[in-house]
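This report concerns only the one structure given below.
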Amino acid sequence: MEEVLSTERETGRGIGGAQPSALAEAPGSKLKRLSVSQLKAYENCPRQWYLRYIRNLPTPPSPDGFVGQMVHHALRDFMLLPPGQRKPEYLHERLREHWRNDHKGRKGFADPGHEASFGRRAMDLLDNFYAGSDLGVVPKEVEKFLDWSWPFPVPAGDGSGNGGGGGGSGLIMAGKIDRIDERPDGTVEIVDYKTGHVPPSDEYARRDLQVGLYWSMVQEVLGYRVASFKLLGLAEYRELAVELSPEDVQSHLHRAADVVARIRTDVNPQPRVSALCPWCGYLADCPEREAAEGFTKDKSLAELPF
Ligand code: SF4
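Each residue of the sequence shown is one higher than the one before, starting from 36 at the first, in the numbering used here.
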């Protein structure tokens with residue numbers, strides 16, 4: 036993600052492609068609930084965040100997103116079984132069941148052949164998990180939803196800095212943890228399944244805002260002592276475990292507090308073109324579409340092999 040962010044640039048245009056025209060009030064100023072995903076979305080592109088989380092504008096169903104969701108559901112069901120009952124057929128069964136029942140998500144496929152290719156890919160991801168991961172683990176938590184009362188000062192939308200802090204702000208930070216495993220010494224490891232991009236090294240992962248925030252939330256909300264955060268890449272089965280120092284965690288919290296402050300006070304959320312644009316559901320109407328389309332999903336496809 037950091038690699039991607041390094042290529043982004045702020046544009047000079049606002050919502051709808053016109054020159055900046057500030058709204059009377061920051062659209063995020065009244066939000067009482069934010070999620071870790073929302074913070075990441077704002078960091079990636081304030082305009083995309085605004086359209087998705089404030090305007091609630093629907094985006095075309097994404098086959099990649101659908102595969103990610105279905106694989107997560109199947110893995111949740113699978114890891115809730117006692118280790119002796121975890122068979123590969125069960126993973127496939129659960130995937131098919133969730134897939135079959137999600138009529139809305141299935142609308143993202145062009146035709147049955149298109150859907151079949153994504154279905155096979157999802158099964159491959161599950162097979163990679165089965166072949167590569169420790170199937171004897173009995174997780175301490177599976178798909179855990181967390182609400183954390185944000186303990187830092189929150190500015191008001193008028194930029195006065197008087198939005199309150201601690202319990203007074205009333206702001207909730209929400210997150211969802213895929214899995215938490217207990218280690219022999221009583222500490223825990225957070226496990227995050229990745230069906231798409233995995234950071235190229237633990238140094239990149241250590242700088243991921245999600246890693247730092249989930250680390251803090253598990254400690255503060257659940258009271259567990261977190262010792263490690265494992266990203267589990269399913270495409271080519273790869274485990275990336277990172278350990279954060281107290282200074283790392285503090286640095287993430289400062290960064291998160293800064294993003295919260297920007298969300299609460301930004302009266303004109305701007306497009307930010309980056310390598311993430313090809314996956315954006317609002318690309319078709321983006322005022323920066325031409326620049327955004329300069330990034331292809333797969334750089335290797337930019338060159339013709341003939
Ligand atoms: S296409 Fe890119 S710049 Fe435009 S809204 Fe989406 S992420 Fe932002």
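Glycine included, every Cβ here is placed at the ideal spot set by N, Cα and C.
May I ask you to report which of helix, strand or coil DSSP gives valine 308? In the structure shown, valine 308 sits in a strand (DSSP, three-state: E or B).
Within a Cβ cutoff of 6 Å, which residues of the same chain sit near phenylalanine 153, ignoring the five residues on either side of it in sequence? Pro98, Val102
Near tyrosine 259, what residues of its chain come up, given a Cβ to Cβ distance below 6 Å and the 5 sequence neighbours on each side ignored? Val223, Val253
Could you pull the start and end residues of the alpha helix (DSSP H) that lysine 139 belongs to? 138-141
Comparing the CB of tyrosine 77 with every heavy atom of ligand 1, is any distance shorter than 7 Å? no
Tell me which residues share the same chain as leucine 126 and place their Cβ nearer than 7 Å to its Cβ, disregarding the 5 neighbours each side in the sequence. Ala109, Phe113, Leu161, Tyr165
Can you check whether the C-beta of tyrosine 317 is within less than 8 Å of a C-beta belonging to chain B? Among the chains in the structure shown there is no chain B, since it carries only a single protein chain.
Jot down the residue ranges of each uninterrupted beta strand (DSSP E) in the stretch 58-136, minimum 3 residues, whole runs only, in chain order. Here the runs fully enclosed are 68-70.
Leucine 248, DSSP secondary structure in three states: The answer is helix: DSSP assigns leucine 248 an H, G or I state.
Three-state secondary structure (DSSP) of arginine 297: helix
The beta strand (DSSP E) with aspartate 182 in it runs from where to where? First-last of the beta strand (DSSP E) with aspartate 182: 176-184.
Can you tell me whether tyrosine 317 sits near ligand 1, meaning its C-beta is under 7 Å from at least one heavy atom of the ligand? Proximity of the beta carbon of tyrosine 317 to ligand 1 is indicated: a heavy atom of the ligand is located closer than 7 Å.
Within the same chain, show all residues whose beta-carbon is closer than 7 Å to that of glutamine 245, passing over the 5 residues directly before and after it, in chain order. Val71, Lys75
Alpha carbon to alpha carbon, what distance is there between glycine 167 and alanine 319? 39 Å
Is the CB-CB distance between valine 294 and tyrosine 77 below 8 Å? Against a cut-off of 8 Å, the Cβ pair of tyrosine 77 and valine 294 comes out as a contact.
Where do the N-terminal and C-terminal ends of the beta strand (DSSP E) with serine 263 fall, by residue? 261-268
At the level of alpha carbons, what is the spacing between cysteine 80 and glycine 119? Distance between the alpha carbons of cysteine 80 and glycine 119 is about 45 Å.
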